[in-house]
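Participant: Each residue of the sequence shown is one higher than the last, beginning at 1 in full-length UniProt numbering.
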Amino acid sequence: MSARLRCRFARCSSRTSAGQRVDRPGSRSGRLPVVAGYSPRVSSRPTPAPDPTVRAAVRTALSVSVATGLYGISFGALAVAAGLDLPQTMVLSLVMFSGGSQFAAVGVLGAGGAAGAVVATAGLLGARNGLYGVQVSGLLGARGWRRLLAAQLTIDESTAVGTAQPTLAAARAGFWWTGAGVFVLWNAFTLAGALLGDALGDPRRYGLDAAAAAAFLALLWPRLTGRDAAARTARWVALAAAGTALALTPVVPAGVPVLAAAVLAVVVGVLAPGDGTDAEVRGGAAVTPAAAHQASRSETDRKDPR
Numbered sequence: 001m002s003a004r005l006r007c008r009f010a011r012c013s014s015r016t017s018a019g020q021r022v023d024r025p026g027s028r029s030g031r032l033p034v035v036a037g038y039s040p041r042v043s044s045r046p047t048p049a050p051d052p053t054v055r056a057a058v059r060t061a062l063s064v065s066v067a068t069g070l071y072g073i074s075f076g077a078l079a080v081a082a083g084l085d086l087p088q089t090m091v092l093s094l095v096m097f098s099g100g101s102q103f104a105a106v107g108v109l110g111a112g113g114a115a116g117a118v119v120a121t122a123g124l125l126g127a128r129n130g131l132y133g134v135q136v137s138g139l140l141g142a143r144g145w146r147r148l149l150a151a152q153l154t155i156d157e158s159t160a161v162g163t164a165q166p167t168l169a170a171a172r173a174g175f176w177w178t179g180a181g182v183f184v185l186w187n188a189f190t191l192a193g194a195l196l197g198d199a200l201g202d203p204r205r206y207g208l209d210a211a212a213a214a215a216f217l218a219l220l221w222p223r224l225t226g227r228d229a230a231a232r233t234a235r236w237v238a239l240a241a242a243g244t245a246l247a248l249t250p251v252v253p254a255g256v257p258v259l260a261a262a263v264l265a266v267v268v269g270v271l272a273p274g275d276g277t278d279a280e281v282r283g284g285a286a287v288t289p290a291a292a293h294q295a296s297r298s299e300t301d302r303k304d305p306r
């Protein structure tokens, strides 16, 4: 070793504290380079345990997604039978993404209705999603492209699963998982129904038309069987909505009973006697719309201080 290299090595060694070692770049010692005055910090905080309410919401979302997605076979088969080709069927399912509106549109087309009647009928049925959007917007606190995505995924199933959860985190997980799951499976089974419609025959013989209704009843039933004020209000709302839909179905065009029942349900829910609060009690936990909105704003402020 030359005198110059020995000098440089001596100066480098003097800059490190006693007992510390500096590994050469590319060495295979498996140790991090040691620098004087630096000690790596290892976090001693335990990893938080998964939230059981979130896991329960995800399980519910997956089951509802499968039950609803299977019904897409019926739509695919009926759309092709009504005269739509495969690309038209898939575009309608991907863009409209509202089972009631899609079935109504195909029904009008199959009956020989004009384009204006198709748009009016489908739009009337789809108007209920606007009411859902008012409820879930404060719950999700989504902004930017997430807000656009949430609007596309705001359907009966995602709203029902999201609003049935006891915590804000579970509500958000339920909404997003249900919306995404139904979107993927609905369109996948729509494609299957359009391709295999003739071979499948009438999808109703498999009971697929009852799958979505059964899933909704399973979500609704626990909220009707309680003895608190929220359960009593829910029973009044359910009775008013069901009675309105049954009374109007024989005498008005398709879509009107659903929209009228939704509007009446909102009115009855507001006017029904309660406990003086706007809390929705679910399994012993109360989540108010105001609290959900405030939590969403607080989380957004932490991410974006502006």
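Beta carbons are placed, not taken as given, at the ideal position from N, Cα and C, and that holds for glycine.
#1: Exposed or buried, Arg55, counting other C-beta atoms within 10 Å across all chains shown (16 or more means buried)?
#2: Drop a sphere of 10 angstroms on the beta-carbon of Asp156, count the other beta-carbons inside from all chains shown, and report buried for 16 or more, exposed for fewer.
#3: Would you please state the rounded distance, in angstroms, between the beta carbons of Ser101 and Gly126? I believe it to be under 8 Å.
#4: What separation, rounded to the nearest whole angstrom, lies between the Cα atoms of Ala241 and Gly112?
#5: Compare the beta carbon distance of Thr53 and Gln165 with 8 Å and say whether it is the shorter of the two.
#6: Is the Cβ-Cβ distance between Val136 and Val64 less than 8 Å?
#7: Along the chain, where does the alpha helix (DSSP H) that runs through Ser63 open and close?
#8: How should Trp176 be labelled, buried or exposed, when 16 other C-beta atoms within 10 angstroms of its C-beta is the threshold for buried?
#9: By a C-beta neighbour count over all protein chains shown, 10 Å radius and 16 as the cutoff for buried, is Trp186 buried or exposed?
#10: So, is Gly116 buried or exposed, given that buried needs 16 or more other C-beta atoms within 10 angstroms?
#11: Let me know if Ala114 comes out buried or exposed under the rule of 16 or more other beta-carbons within 10 Å of its beta-carbon.
#12: Using a Cβ-Cβ cutoff of less than 7 Å, which residues in the same chain neighbour Leu94 once the five nearest sequence positions on both sides are dropped?
#13: With a threshold of 16 other CB atoms inside 10 Å of the CB of Pro257, please say whether the residue is buried or exposed.
Facilitator: Let's see:
#1: Exposed, since its Cβ has fewer than 16 Cβ neighbours within 10 Å.
#2: Buried, since its Cβ has 16 or more Cβ neighbours within 10 Å.
#3: By a beta-carbon distance limit of 8 Å, Ser101 contacts Gly126. Their separation comes to about 4 Å.
#4: Using only the alpha carbons, I get a separation of about 31 Å.
#5: yes
#6: no
#7: 52–70
#8: buried
#9: buried
#10: exposed
#11: Its Cβ having fewer than 16 others within 10 Å, Ala114 is exposed.
#12: Asn187
#13: buried
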